[in-house]
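Read the structure below first, then the notes.
In full-length UniProt numbering, the protein residues as written are 1 to 221.
Given below as structure tokens:
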């Protein structure tokens, strides 16, 4: 039986029994792979949410006091952040982000694991611009939510990837004359790869970049 917690946050895989970050990665990989088989191009947008757990905003009722031996500081107000190291922190963060806008009818897919947030959409239309339109609408709604709830997104560290089946040697990051997607009027850069939930995804989905990163890490240690 599912708990009330699991029912309330069913669109997430974080902090739920028998769920892990890999489920969201596999969901995206499966979608992109199916697109390769059906000549559907997929664009995914990954968002870097800065210090997400530290920016959970609340009006009042949290204070702290610094103590050293028998000396105490005055009581100070904590304006943001969930308790560090507390078992309540995951629940509080999930509750805080539970109303994050999720695309329902546009075909845009939404994945979330803690602060790892991504949108993706695929189309068989040869024009990448056609694929970007529903994505941009979803990004606009997401940006409004981030602004309302004082969550900071770093567009420079976010990324958009056009997954497209082709030769590995293809040097183009994205089709020529393709415009940038925008988060709160700031350009989201197109990239060849991006590390999402610990897995480096590349535009051809061959995982060479991920294997190379893991190999180098193993050699270092």
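Yeah, the Cβ is synthetic: ideal placement off N, Cα and C, and Gly gets one too.
Check	Outcome
Beta-carbon proximity list for residue 18, same chain, < 6 angstroms, skipping 5 on both sides	Any reading at residue 18 is ruled out, since the residue's pLDDT is 45, under 50, leaving its predicted position unreliable.
Bridge-paired residues (DSSP) for residue 201	194
Opening and closing residue of the beta strand (DSSP E) in which residue 121 lies	116-123
9 angstroms Cβ cutoff met for residue 165 and residue 46	no
Extent of the continuous alpha helix (DSSP H) to which residue 109 belongs	Segment 109-113 is the beta strand (DSSP E) holding residue 109; no alpha helix (DSSP H) there.
Where the beta strand (DSSP E) through residue 44 begins and ends	41-48
Whole-number beta carbon distance between residue 192 and residue 202, since they are thought to touch under 8 angstroms	6 angstroms
For residue 135 and residue 121, believed in contact at Cβ under 8 angstroms, the rounded distance	5 angstroms
Bounding residues of the alpha helix (DSSP H) (the contiguous stretch that carries residue 91)	89-96
Residue 181 - containing beta strand (DSSP E), residue span	181-183
Rounded Cβ spacing between residue 178 and residue 128 (contact assumed at less than 8 angstroms)	5 angstroms
Pairwise C-alpha distance: residue 43 and residue 154	19 angstroms
Beta-carbon gap between residue 25 and residue 151 smaller than 9 angstroms	no
9 angstroms Cβ cutoff met for residue 142 and residue 117	yes
Residues bridged to residue 161 (per DSSP)	44
Nearest-angstrom beta carbon gap, residue 94 and residue 138 [assumed within contact, 8 angstroms]	Not a contact, Cβ separation roughly 21 angstroms.
7 angstroms Cβ shell around residue 83 - same chain, five flanking residues per side excluded	89
Beta carbon of residue 124 nearer than 9 angstroms to that of residue 38	yes
Closest residue to residue 115 among 131, 76, 96 and 140 (Cα-Cα distance)	96
Identity of the residues DSSP links to residue 52 by a beta bridge	Beta-bridge pairing links residue 52 to no other residue.
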